[in-house]
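Novice:
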Amino acid sequence: MTDVTERARDLLGRLLHGHGVVARITEVEAYGGIEDPASHAFTRTPRSEIMYGPPWRLYVYRIHGHHAANVVTGPTEQAAAVLIRAGEIVEGHELAYERRGAVAEHALARGPGNLTKALGITSADLGTELLDPVPVFLGERVETPRIVAGPRVGVRLNADVPWRFWVEDDPTVSAYRRHPKAGAAQPSR
DNA sequence: GTTTAGATCAACT
DNA sequence: GTTGATCTAAACG
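Position 44 (the first sequence) corresponds to 49 in the numbering used here; numbering is contiguous.
#1: Just the C-alpha distance for L143 and P185, rounded to the nearest angstrom, thanks.
#2: Write down every uninterrupted run of the alpha helix (DSSP H) in the segment 82-170 whose length is 4 residues or greater and which is fully enclosed by it, in chain order.
#3: Here's the rule: buried if 16 or more other CB atoms are within 10 angstroms of the residue's CB, otherwise exposed. What is Y181?
#4: Mapping the DSSP letters down to three states, classify A35 as helix, strand or coil.
#5: For the beta strand (DSSP E) that contains V77, what are its first and last residues?
#6: For E93, which of A35, V172 and P192 has the nearest alpha-carbon?
#7: In terms of alpha-carbon separation, which member of V77, A129, E148 and P192 lies closest to E34?
#8: State yes or no: is the C-beta of L21 within less than 8 Å of the C-beta of I68?
#9: Of the residues G188, V147 and N163, which one's Cα is nearest the Cα of A28?
#10: In angstroms, rounded to a whole number, what distance separates the CA positions of H24 and P192?
#11: Mapping DSSP to helix, strand and coil, what is A187?
#12: Note down the Cα distance separating L162 from G38, rounded to an integer number of angstroms.
#13: So, are the CB atoms of A43 and M56 less than 8 Å apart?
#14: Mind checking who R12 pairs with in its DSSP beta bridge?
#15: Going by C-alpha distance, which of L124, G155 and G159 is nearest P140?
#16: Quick check: R62 and E145, are their CB atoms within less than 8 Å of each other?
#17: Do the CB positions of L120 and A91 come within less than 8 Å of each other?
#18: Contact check, V87 vs Y36 under 8 Å by CB: the rounded distance?
#19: Let me check understanding here. Comparing Cα to Cα, which of Y66, P51, N75 and T50 lies closest to I30?
#20: Can you give the Cα-Cα distance for V9 and A85, rounded to whole angstroms?
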């Protein structure tokens, strides 16, 4: 299969523009779509249909009153997507602080909810073409970072697959939190 | 059956 | 104090 995890690694170190703020992506999670129970695309519905569509479009979903941003990566038959979990603000600090309030600089876009808030991403941006220079889009790679992998944060299902990728030793990366109801950790094999 | 808005609470800062 | 691919309930088709 086309490896979703490769696409996830590929996004690390790239720029993400969001409504006047630019972030360097430092943490992502891969969602294997049709073959991943933790993915919204695991069951095909009108909502998840966007993940079965062309790649490089934005999928936004609500969680805990916040939003989370995903990049649809394709291929279309697999419905895979990559969740953008954290980034470092490299441009538009003023606007980011305005949206986030007084927080430490490294915390401006740490965590999916904070990142979407700092970049001003909401459900209104659902389906945005991320390759066009519209309010939300992907920029070029600014570095080739050293990448570390581990299990995904806060997922109940499939909690042991190492599909979370982040830039090593980056302060904007959030800590690992296992979901309370996820089964006991299984030894990697 | 599916989607969305709010709530909840353990883990993190 | 803050956060979140969870959880439940109500609205929708």
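Quick reminder that beta carbons are idealized off the backbone N, C-alpha and C, glycines included.
Specialist: Let me lay it out:
#1: 34 Å
#2: 98-105 and 117-124
#3: exposed
#4: strand
#5: H71 to V77
#6: V172
#7: V77
#8: no
#9: V147
#10: 42 Å
#11: coil
#12: 13 Å
#13: no
#14: Paired residue(s): none; R12 is not in a bridge.
#15: L124
#16: no
#17: yes
#18: 7 Å
#19: N75
#20: 7 Å
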